[in-house]
Every structure is written in structure tokens, then in C-alpha cells.
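Novice: Numbering (this note's numbering), first residue to last: 114 to 387. Input: one structure, supplied below.
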Ligand SMILES: C[S@@+](CC[C@H](N)C(=O)[O-])C[C@H]1O[C@@H](n2cnc3c(N)ncnc32)[C@H](O)[C@@H]1O
């Protein structure tokens with residue numbers, strides 16, 4: 114099996130839409146009238162969750178009407194936030210067919226289908242015209258992609274000159290064995306961690322100027338602590354654990370352990386197309 118097939122298989126649940134809707138309904142939400150905020154406990158598949166998306170959008174200065182491409186959009190939490198809170202017109206692309214289907218279905222239920230659409234694609238080969246977007250985003254996706262140079266070249270091509278590219282990935286921070294399974298990969302077979310320096314070098318090679326690099330480790334540690342306390346008070350497991358399955362508990366323990374141990378760092382890089 115090639116890497117892309119293994120990655121898509123890793124993320125495929127099989128009954129994700131029904132599981133999300135059943136879980137939301139059990140939590141007292143009206144699934145016929147969902148808001149992007151109702152979904153934020155389940156659809157932000159990255160460290161720092163909704164708070165990290167808010168900070169990222171702010172740092173990118175996402176403006177009303179901007180055409181945004183979200184690479185590896187998952188089930189669509191960040192894309193819907195960019196549309197609902199920042200007034201952007203968003204296209205998400207993702208490798209995993211089930212995620213694309215669920216992302217579109219949830220967006221429809223939120224009444225955002227005229228502002229956000231999701232399509233199936235590999236980030237290394239995009240179907241869009243040159244200069245089609247003002248901004249591109251990529252959140253916790255690069256860890257699954259060995260050929261980041263190909264992705265950055267494609268993003269540069271579809272961005273207009275001066276357009277921003279925001280990357281928020283888990284990056285390699287220190288030497289040592291990273292434990293698996295991780296949330297993004299069951300084994301090192303589909304995990305391609307790189308250092309922030311390597312990202313910066315590849316972005317520069319693809320035609321980007323680096324504007325900022327932010328290590329979000331402290332931010333994520335604080336939020337993780339807050340989420341643990343909330344889960345204890347509510348007495349039940351977090352919604353994302355129910356949806357992503359019991360195995361997610363081990364993945365979360367491993368990712369937080371590697372973060373505490375300084376092996377990895379959730380890092381945001383903002384670059385400008387030159
Ligand atoms: C950890 S999830 C993050 C999803 C979303 N960005 C978020 O933060 O909620 C990683 C996503 O990247 C997608 N992905 C991995 N490799 C990809 C590739 N080569 N092209 C497009 N999407 C990819 C996966 O299918 C998955 O949806």
C-alpha cells in the first residue's frame with residue numbers, strides 16, 4: 114500500500130457522520146440547527162483545538178471575503194471557523210474520502226455551504242488554477258507527508274503573489290524516539306516529522322519569505338490542562354475520545370508525553386508568497 118492509502122486508512126472511521134450526530138444529540142444539541150461552535154469540541158483535529166485556530170486566523174489577519182485554501186481540512190472545523198468568524202470563502206481539500214463527505218455534510222447542517230466546500234485531493238497535486246487563492250492554511254497535516262517540497266510548490270502556485278501561507282504542524286524539536294501510536298499515525302511508517310528549520314528551508318525554496326515562527330508548546334500545555342480539568346468536572350470522557358475511539362486515549366498520552374519531553378513542538382509558521 115502506498116503512503117497516501119495508508120494515511121487515508123488511518124483516518125477512516127467507517128461511520129463517522131452518524132457517530133458525531135448521535136454524540137451531539139446525546140449532549141443535548143439540536144442536530145437540525147447546528148452551529149460551527151456546537152461542533153468545535155469534535156471537529157478541530159489538532160493540538161490547541163479551537164483556541165489554536167482562533168490564534169492562527171488572527172496571526173494570518175484573515176479578512177472578510179478572502180479566498181482561503183485549507184490543505185488537509187479534516188472534517189472541517191478550521192475551515193468553518195474561517196468562514197463563520199472571519200467571513201472568508203473557504204475551499205478545503207483532503208486525502209481521506211470519509212472526512213471530505215462528513216465535512217460537507219456538517220457544513221450543510223451549519224448553513225455554511227455557500228461559504229465553504231470540501232474536495233478530495235492530494236496536497237502534492239492541486240486541481241486549482243495559478244493564483245486562485247489569497248491565503249492558504251495547513252494545520253497538522255505535514256506530519257503525514259514525506260514530500261513537503263511538492264506541497265509547498267503547489268501552494269505557492271495556487272496563491273497569488275503576496276498571499277500568505279500559514280502552517281501549523283507538529284514539528285521535530287529534540288532527538289530521541291518518538292512513541293507510537295500518535296494521533297496522526299499508528300507507526301513511524303506514515304510519520305514524517307521535520308524540524309522548523311527544515312520547514313523554513315523548504316518554504317524558502319518554494320518561493321516564500323518567512324514572516325514569523327511561533328512555538329505553541331506552552332499554549333497547548335495550558336489548554337490541555339484546562340481540558341483535563343473540564344473533563345473531570347463533567348464526569349465523562351471528552352467528545353473527541355468517543356468519536357475517535359478508545360485507541361485515541363493512548364495516542365493522546367503519547368503525543369502529550371513527547372511534548373512534555375521536548376521531542377516535538379506544535380509550531381506555527383507564517384510565510385508570504387514572493
Ligand atoms: C490531524 S488531521 C488535521 C485535520 C484538520 N486540518 C484539523 O486541524 O482539524 C490531518 C489531515 O490531513 C489529511 N492529509 C494527510 N495527508 C494528506 C495529503 N497528502 N493530502 C491531503 N490531505 C492529507 C488527512 O486525511 C487528515 O484529514
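Beta carbons are placed, not taken as given, at the ideal position from N, Cα and C, and that holds for glycine.
For residue 384 versus residue 307, is the C-beta distance shorter than 8 Å?
Specialist: No.
Novice: With DSSP as the reference, please indicate the residues paired to residue 281 in a beta bridge.
Specialist: Answer is 252, 381.
Novice: Rounded C-beta distance between residue 169 and residue 187? I'm assuming under 8 Å.
Specialist: 14 Å between Cβ atoms; not a contact.
Novice: Taking the straight line between their C-alpha atoms, what separation do you get for residue 260 and residue 336?
Specialist: So the alpha carbons of these two residues sit roughly 31 Å apart.
Novice: By alpha-carbon positions, which one of 341, 387, 218 ends up nearest to residue 146?
Specialist: Out of 341, 387, 218, 218 has the C-alpha closest to the C-alpha of residue 146.
Novice: Should residue 236 be counted as a contact of ligand 1 given a C-beta to heavy atom distance under 7 Å?
Specialist: Correct: residue 236 has its Cβ closer than 7 Å to ligand 1.
Novice: Among the residues of its own chain, which have a CB less than 8 Å from the CB of residue 153, if the five just before and after it don't count?
Specialist: Counting only Cβ-Cβ distances below 8 Å, and skipping sequence neighbours, we find 162, 163, 190, 194.
Novice: Taking only heavy atoms of ligand 1 into account, decide whether any of them is closer than 7 Å to the Cβ of residue 243.
Specialist: Incorrect: residue 243 has no Cβ contact closer than 7 Å to ligand 1.
Novice: Starting from the Cα of residue 253, find the closest Cα among 160, 312, 232, 278 and give me that residue.
Specialist: Ranking 160, 312, 232, 278 by Cα distance to residue 253 puts 160 first.
Novice: What I want to know is whether the C-beta of residue 186 ends up closer than 7 Å to one or more non-hydrogen atoms of ligand 1.
Specialist: Checking every heavy atom of ligand 1 against the Cβ of residue 186, one is found closer than 7 Å.
Novice: Looking at the unbroken alpha helix (DSSP H) that takes in residue 151, where does it start and where does it end?
Specialist: Segment 149-152, the alpha helix (DSSP H) holding residue 151.
Novice: Could you tell me the alpha carbon to alpha carbon distance between residue 327 and residue 282, rounded to whole angstroms?
Specialist: Approximately 11 Å between the Cα atoms of the pair.
Novice: Hey, would you say residue 286 sits closer than 8 Å to residue 375, going by beta carbons?
Specialist: Yes.
Novice: What are the start and end residues of the beta strand (DSSP E) that includes residue 328?
Specialist: Segment 321-328, the beta strand (DSSP E) holding residue 328.
Novice: Indicate, with yes or no, if ligand 1 has a heavy atom lying under 7 Å from the CB of residue 124.
Specialist: Residue 124 Cβ: within cutoff of ligand 1.
Novice: Report all residues from its chain with a CB closer than 6 Å to the CB of residue 233; omit the five preceding and five following residues, and keep chain order.
Specialist: Contacts found: 210, 213.
Novice: Would you check if the distance between the CB atom of residue 361 and the CB atom of residue 296 is smaller than 8 Å?
Specialist: Yes, the pair counts as a contact, with Cβ atoms nearer than the cut-off.
Novice: Any heavy atom of ligand 1 closer than 7 Å to the CB of residue 190?
Specialist: For ligand 1, at least one heavy atom lies less than 7 Å from the Cβ of residue 190.
Novice: Any contact of the segment 243-251 with the segment 175-186, i.e. 3+ C-beta pairs under 8 Å?
Specialist: The segment 243-251 is in contact with the segment 175-186.
Novice: Where do the ends of the alpha helix (DSSP H) carrying residue 164 lie?
Specialist: Where residue 164 is concerned, the enclosing alpha helix (DSSP H) stretches over 162-172.
Novice: How long is the line joining the alpha carbons of residue 275 and residue 239, rounded to whole angstroms?
Specialist: For residue 275 and residue 239, the distance between alpha carbons rounds to 19 Å.
Novice: Can you grab the Cα-Cα spacing for the pair residue 139 / residue 129, in whole Å?
Specialist: Distance between the alpha carbons of residue 139 and residue 129 is about 15 Å.
Novice: Let me confirm a value: residue 222 is counted as buried when at least 16 other C-beta atoms fall within 10 Å, else exposed. Which label applies?
Specialist: Answer is buried; the Cβ neighbour count reaches 16.
Novice: May I ask which residues mark the beginning and end of the alpha helix (DSSP H) holding residue 204?
Specialist: Counting along the chain, residue 204 falls outside any alpha helix (DSSP H), though it belongs to the beta strand (DSSP E) covering 202-207.
Novice: May I ask which residues mark the beginning and end of the beta strand (DSSP E) holding residue 181?
Specialist: Where residue 181 is concerned, the enclosing beta strand (DSSP E) stretches over 180-184.
Novice: Classify residue 220: buried if its beta carbon has 16 or more other beta carbons within 10 angstroms, exposed otherwise.
Specialist: Classification for residue 220: buried.
Novice: Quick one: using the 10 Å Cβ neighbour count with 16 as the cut-off for buried, is residue 230 buried or exposed?
Specialist: Buried, by the Cβ-count rule.
Novice: CB residue 330 to CB residue 378, shorter than 8 Å?
Specialist: Yes; because the gap between Cβ atoms is below 8 Å, this pair is in contact.
Novice: Is the beta carbon of residue 132 less than 8 Å from the beta carbon of residue 126?
Specialist: The answer is yes: Cβ separation under 8 Å.
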